[in-house]
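Engineer:
Numbering (the numbering used here), first residue to last: 39 to 974.
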């Protein structure tokens with residue numbers, strides 16, 4: 039069966055040019071026939087006009103019209119009213135679409151994956167122009183985005199009017215996506231020619247942070263000169279305070295790692311050789327850095343959009359759109375960890391196991407230990423993202439048949455983390471420490487001493503750390519395109535165009551020359567530079583006996599006393615004299631020039647009306663990337679250039695089987711370019727606490743290519759109702775995988791000077807990573823979507839309705855463990871792929887009030903293959919998020935609303951290995967919103 043699919047797909051793709059010519063011929067012939075009166079002309083998905091709707095049910099009906107009229111597979115979301123999107127976060131709205139899953143940061147959606155393909159494989163366009171937004175995050179939530187993925191959390195949803203997710207390709211839409219192209223559109227004055235003013239005010243409350251914050255928005259729009267000129271401006275502001283708390287284990291590792299446990303260790307039923315077994319396949323595993331952590335997050339988000347539209351004649355349209363957003367935040371961290379279990383030398387080799395329990399999966403789930411090195415650390419980060427975009431678009435119809443248009447655009451996303459500070463205090467060889475993972479996910483950690491007493495901690499030069507790591511990332515896009523359309527007749531339109539995109543990426547960071555060089559503090563000095571963190575563990579189900587308070591470095595007091603931000607002496611920062619700082623440096627310039635030819639056609643065959651498009655896109659890509667690398671044992675700046683060409687055919691066909699049933703078939707060849715951060719020719723030697731890493735880029739990575747086939751059948755039984763099912767198949771030639779190995783530093787061919795001033799030694803084992811092109815594989819699945827307003831029910835029941843969708847995706851990928859021919863591989867699903875995803879929304883809406891509840895389920899997925907420290911892989915367990923909204927119209931133009939987000943306080947539950955070893959288990963609480971909305 040798979041062979042037959044492959045042969046059919048190959049025939050369609052290789053015959054792209056022939057298919058285009060054939061479609062033109064068929065549609066031209068059909069032009070001589072009478073047009074079918076029962077089927078009005080349908081708009082192509084790439085030209086969907088904004089529709090003014092009010093209410094949740096009306097927004098669903100409008101989105102269904104977009105899907106029904108498209109030639110390919112398109113799903114859409116429309117605003118309920120001007121400046122009123124269905125969800126507070128764009129990613130949260132997108133997850134309601136079949137096949138779309140999201141990842142979260144601080145309790146709200148950050149990035150999306152579509153049909154199992156992560157954010158790196160999904161392009162986002164804003165007002166017709168491609169853009170990338172970059173934000174920062176904790177390591178548990180993906181860290182700083184240095185790739186092509188789009189961070190949706192930078193924007194307030196109030197600024198947008200519609201979202202369209204294009205799951206199939208067409209030649210007139212720029213290349214770069216394997217999963218989908220997502221179109222975000224802001225509001226425009228011609229959406230509604232009447233003067234409009236909208237004011238909205240909400241208060242948010244998080245039950246974990248126990249704090250209230252404002253959320254405000256306003257929109258004003260008006261047209262003049264008989265509706266030929268219009269202006270719109272929209273602004274949104276939000277301030278939030280959140281906490282994220284839980285366990286942070288930093289993986290599990292095998293007993294023989296980092297020199298093994300002390301020879302005095304005893305474990306019932308096991309010999310010392312078994313305790314310190316270094317074979318990952320047979321060894322006992324233990325938590326690498328068992329810890330509890332709290333993040334205190336303040337964020338402030340401001341956004342503005344503006345639009346000018348001019349229609350000087352009935353044949354000419356000109357529009358200018360501007361979008362601005364600024365996300366500013368601070369993050370404070372308090373963490374208490376058993377660092378000694380993960381480092382050699384005076385760490386793990388001195389630790390003695392006194393007692394323990396090993397489960398059926400060879401995990402040391404309980405251990406009582408002596409001589410354990412403990413650490414308490416504080417962190418403070420300032421994270422800012424500024425995004426701005428400007429687009430100018432125009433089109434003119436010279437005749438009834440001939441139209442020309444164009445677009446110019448510029449977008450800039452700048453992420454700055456000017457302050458990124460960690461200060462640690464330590465306690466060497468602590469006695470009576472124990473951990474216990476035999477209960478639920480959260481472990482019981484007993485310290486055996488008073489962790490709030492400054493006398494029990496020390497700050498020692500050469501051991502304790504002061505990390506200062508400011509970093510900066512900037513992405514810039516410049517776009518220009520021109521297109522022309524010629525209508526041969528009612529059944530055939532020929533489109534052609536050229537486009538140019540220039541993408542520029544710059545990243546750099548600063549580090550201290552040595553982070554373990556710091557003041558040795560007396561007990562009095564340590565007490566003066568510390569404080570007690572307390573109140574940990576609310577609403578968490580924390581096992582009895584765990585510490586809820588401990589001493590942490592007071593970063594403000596430490597900075598005032600020891601001048602760590604003076605950029606002088608031992609606290610001076612460097613850009614290139616530190617290996618880790620050099621590793622943050624990277625530049626990429628990418629120029630993409632494309633041209634396309636596409637026929638849009640309508641014809642009758644077999645007694646059925648057909649519509650669709652067939653086209654081909656030709657693309658040239660030129661890349662230049664730079665970074666610091668070791669060449670002949672000397673560190674120097676290296677620049678690498680390359681270019682490649684691609685021919686990308688596409689074909690979409692829809693048939694109106696009946697007045698209510700639409701069948702579709704789509705085929706295309708698509709590409710996705712490698713992640714920006716992977717293209718650097720440079721490398722990064724990192725030493726952070728017990729972690730030792732060497733990562734390098736690969737400027738010769740090939741883009742991922744896919745041959746795609748989609749089939750769908752859709753039934754539209756009544757206004758606002760739809761039952762749709764589709765299957766999809768992707769044959770992907772290669773994936774960019776991260777090759778991971780472990781090796782002593784002195785075998786990497788790097789000079790010892792790169793680790794001078796750190797706590798690492800040349801014999802330490804380093805985790806070595808590099809992106810490589812690995813074998814591809816097949817991705818296949820199906821999705822079902824059912825939207826039904828229950829208007830056929832009697833009386834009050836007719837106001838009910840529901841939305842249900844389910845997606846299944848599967849893949850089988852062979853991940854490399856080495857580039858050596860014949861080396862073993864790891865077979866697993868694609869990273870980021872959830873096999874099962876489902877969404878359900880039940881709503882009730884009248885002219886006066888409405889209420890709805892939504893559930894979003896995402897199956898567990900892998901995040902890294904193969905894993906570190908002998909683990910087969912890393913992953914995230916399944917999630918089920920519950921949200922609810924209700925509103926009441928006090929007056930026709932005044933609405934009261936209440937909303938609850940993450941009502942079950944879902945945990946971020948991450949694991950390592952094939953036995954679900956706990957890696958991360960944190961939560962951020964429930965958030966409630968109460969607001970008023972006035973419109974005129």
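For each residue, glycine too, the CB sits at the ideal point set by N, CA and C.
Between which two residues does the alpha helix (DSSP H) carrying residue 564 extend?
Structural biologist: Along the chain shown, one-based indexing puts residue 564 at 526. Run containing residue 564: 561-566, per the alpha helix (DSSP H) assignment.
Engineer: Excluding sequence positions up to five away, which residues of its chain have a Cβ less than 6 Å from the Cβ of residue 77?
Structural biologist: Within the chain shown, the letter at position 39 stands for residue 77. Model confidence at residue 77 stands at a pLDDT of 38, short of 50, so the residue's coordinates are unreliable; what they give is reported in the following sentence. Once the five neighbours on either side are set aside, the close Cβ partners of residue 77 are 647 and 694.
Engineer: Assuming residue 711 contacts residue 168 under a Cβ cut-off of 8 Å, what Cβ separation, rounded to an integer in Å, is found between them?
Structural biologist: Along the chain shown, read from residue 1 onward, the residue named residue 711 stands at position 673. Along the chain shown, read from residue 1 onward, the residue named residue 168 stands at position 130. With 8 Å as the limit, residue 711 and residue 168 do not qualify as a contact, their Cβ atoms being about 12 Å apart.
Engineer: Inspect the beta-carbon positions of residue 581 and residue 478 and report whether they are closer than 9 Å.
Structural biologist: In the chain shown, the residue the question calls residue 581 occupies position 543. In the chain shown, the residue the question calls residue 478 occupies position 440. The answer is yes: Cβ separation under 9 Å.
Engineer: For residue 109, which of helix, strand or coil comes out of DSSP?
Structural biologist: Position 71 of the chain shown, counted from the first residue, corresponds to residue 109. Three-state DSSP puts residue 109 in coil, outside helix and strand.
Engineer: Given a threshold of 16 other Cβ atoms within 10 Å of its Cβ, counted over all protein chains shown, does residue 961 qualify as buried or as exposed?
Structural biologist: The residue given as residue 961 occupies position 923 in the chain shown. Answer is buried; the Cβ neighbour count reaches 16.
Engineer: Alpha carbons only, please: which of 719, 844 and 380 is nearest the one belonging to residue 621?
Structural biologist: Stepping through the chain shown from its first residue, residue 621 is reached at position 583. It is 719.
Engineer: Can you list the beta strand (DSSP E) stretches of 3 or more residues lying completely in the stretch 270-301, in chain order?
Structural biologist: Runs found: 290-292.
Engineer: Use the C-beta contact count for residue 154: other C-beta atoms within 10 angstroms, 16 or more gives buried, fewer gives exposed.
Structural biologist: Within the chain shown, the letter at position 116 stands for residue 154. So residue 154 counts as buried.
Engineer: Relative to the C-alpha of residue 373, which residue among 627, 856, 285 and 317 is closest?
Structural biologist: The residue labelled residue 373 in the question sits at position 335 within the chain shown. Measuring from the Cα of residue 373, the nearest candidate turns out to be 285.
Engineer: On the criterion of 16 or more Cβ atoms from any shown chain inside 10 Å, does residue 83 qualify as buried, or is it exposed?
Structural biologist: Counting from one through the chain shown, the residue named residue 83 turns up at place 45. Residue placement at residue 83 is poorly supported in this model, since its pLDDT is 37, which falls under 50; the coordinates still yield a value, given next. Buried, because 16 or more other Cβ atoms sit within 10 Å of the Cβ of residue 83.
Engineer: Please tell me whether residue 170 and residue 222 are closer than 9 Å, where the distance is taken between their beta carbons.
Structural biologist: Along the chain shown, read from residue 1 onward, the residue named residue 170 stands at position 132. Along the chain shown, read from residue 1 onward, the residue named residue 222 stands at position 184. Contact flag unset, no.
Engineer: Terminal residues of the continuous beta strand (DSSP E) containing residue 858?
Structural biologist: Looking up residue 858 in the chain shown gives position 820. Element bounds for residue 858: n/a, residue is neither H nor E.
Engineer: To the nearest angstrom, how far is the alpha carbon of residue 901 from that of residue 332?
Structural biologist: For the purposes of this step, residue 901 is taken as the residue at position 863 of the chain shown. For the purposes of this step, residue 332 is taken as the residue at position 294 of the chain shown. Going by the C-alpha atoms only, they are around 23 Å apart.
Engineer: Output the distance between the C-alpha atoms of residue 29 and residue 182, rounded to the nearest integer angstrom.
Structural biologist: Residue numbering for the chain in the displayed model covers 39 to 974; residue 29 lies beyond these limits and cannot be assessed.
Engineer: Quick check: residue 792 and residue 673, are their CB atoms within less than 9 Å of each other?
Structural biologist: As a first step, residue 792 must be located in the chain shown, where it is residue number 754. As a first step, residue 673 must be located in the chain shown, where it is residue number 635. Result yes, Cβ atoms of residue 792 and residue 673 sit closer than 9 Å.
Engineer: Going by beta-carbon coordinates alone, are residue 534 and residue 619 separated by less than 9 Å?
Structural biologist: Counting from 1 along the chain shown, the entry for residue 534 is found at position 496. Counting from 1 along the chain shown, the entry for residue 619 is found at position 581. No, the Cβ-Cβ distance between residue 534 and residue 619 is not below 9 Å.
Engineer: Return no unless some Cβ of chain C is closer than 9 Å to the Cβ of residue 671.
Structural biologist: Absence of chain C from the displayed structure is noted, only one protein chain being present.
Engineer: How should residue 959 be labelled, buried or exposed, when 16 other C-beta atoms within 10 angstroms of its C-beta is the threshold for buried?
Structural biologist: Counting from one through the chain shown, the residue named residue 959 turns up at place 921. Looking at its Cβ environment, which holds 16 or more other Cβ atoms inside 10 Å, residue 959 is buried.
Engineer: Can you give me the Cβ contacts of residue 627 inside the same chain, cut-off strictly under 6 Å, excluding the 5 residues immediately before and after it?
Structural biologist: Here the question's residue 627 lines up with position 589 in the chain shown. Around residue 627: 542 and 662.
Engineer: Please report the distance separating the alpha-carbon of residue 909 from that of residue 308.
Structural biologist: Your numbering for residue 909 matches position 871 in the chain shown. Your numbering for residue 308 matches position 270 in the chain shown. Taking the straight line joining both Cα atoms gives about 21 Å.
Engineer: If we require 3 or more residues per run, which beta strand (DSSP E) segments fall completely within the stretch 419-502?
Structural biologist: Segments of the beta strand (DSSP E) lying fully in the stretch 419-502: 440-468, 471-474 and 482-484.
Engineer: For residue 962, name the three-state secondary structure that DSSP assigns.
Structural biologist: Taking the first residue of the chain shown as 1, we reach residue 962 at position 924. Correct three-state label for residue 962: coil.
Engineer: Would you tell me roughly how many angstroms separate the C-alpha atoms of residue 510 and residue 335, rounded to the nearest one?
Structural biologist: For the purposes of this step, residue 510 is identified with residue 472 of the chain shown, where counting begins at 1. For the purposes of this step, residue 335 is identified with residue 297 of the chain shown, where counting begins at 1. Whole-angstrom Cα-Cα distance: 20 Å.
Engineer: Let me know if residue 317 comes out buried or exposed under the rule of 16 or more other beta-carbons within 10 Å of its beta-carbon.
Structural biologist: The residue given as residue 317 occupies position 279 in the chain shown. Its Cβ having fewer than 16 others within 10 Å, residue 317 is exposed.
Engineer: In whole angstroms, give me the CA-to-CA distance for residue 81 and residue 938.
Structural biologist: Along the chain shown, one-based indexing puts residue 81 at 43. Along the chain shown, one-based indexing puts residue 938 at 900. With a pLDDT of 38 at residue 81, under the threshold of 50, the predicted position of this residue should be treated as unreliable, and no value is reported.
Engineer: Quick one, are the C-beta atoms of residue 173 and residue 453 less than 9 Å apart?
Structural biologist: Translated into positions along the chain shown, residue 173 becomes position 135. Translated into positions along the chain shown, residue 453 becomes position 415. Result yes, Cβ atoms of residue 173 and residue 453 sit closer than 9 Å.
Engineer: Could you tell me the distance, in whole angstroms, from the CA atom of residue 62 to the CA atom of residue 212?
Structural biologist: Position 24 of the chain shown, counting from 1, holds the residue named residue 62. Position 174 of the chain shown, counting from 1, holds the residue named residue 212. Reliability of the predicted coordinates at residue 62 is poor, the pLDDT of 38 falling under 50, and the value obtained from them is presented with this limitation in mind. Taking the straight line joining both Cα atoms gives about 22 Å.
Engineer: Buried or exposed for residue 519, going by 16 or more other Cβ atoms inside 10 Å?
Structural biologist: Here residue 519 refers to the residue found at position 481 of the chain shown. Under this definition residue 519 is a buried residue.
Engineer: Alpha carbon to alpha carbon, what distance is there between residue 932 and residue 949?
Structural biologist: In the chain shown, counting from the first residue as 1, residue 949 sits at position 911. In the chain shown, counting from the first residue as 1, residue 932 sits at position 894. Their backbone Cα atoms lie some 47 Å apart in a straight line.
Engineer: The alpha helix (DSSP H) that contains residue 829, what's its start and end?
Structural biologist: The residue given as residue 829 occupies position 791 in the chain shown. Neither: residue 829 is in no alpha helix (DSSP H) and is coded neither H nor E.
Engineer: Could you give the DSSP three-state label for residue 576: helix, strand or coil?
Structural biologist: The residue given as residue 576 occupies position 538 in the chain shown. Residue 576: coil per DSSP, three-state reduction.
Engineer: Can you tell me whether residue 110 is buried or exposed? The criterion is at least 16 other CB atoms within 10 Å of its CB, across all chains shown.
Structural biologist: Counted from its first residue, the chain shown places residue 110 at position 72. The residue in question, residue 110, is buried, as its Cβ has 16 or more Cβ neighbours within 10 Å.
Engineer: How is residue 954 classed by DSSP in three states: helix, strand or coil?
Structural biologist: Taking the chain shown and counting its residues from 1, one reaches residue 954 at position 916. In this structure, residue 954 counts as coil in the three-state DSSP scheme.
Engineer: Can you have a look at residue 955 and say buried or exposed, based on whether 16 or more other CB atoms are within 10 angstroms of its CB?
Structural biologist: Locating residue 955 in the chain shown gives position 917, counting from the first residue. Buried.
Engineer: Return yes when the Cβ of residue 738 is within less than 9 Å of the Cβ of residue 680, no when it is not.
Structural biologist: Taking the chain shown and counting its residues from 1, one reaches residue 680 at position 642. Taking the chain shown and counting its residues from 1, one reaches residue 738 at position 700. Cβ distance < 9 Å, so residue 680 and residue 738 count as in contact.
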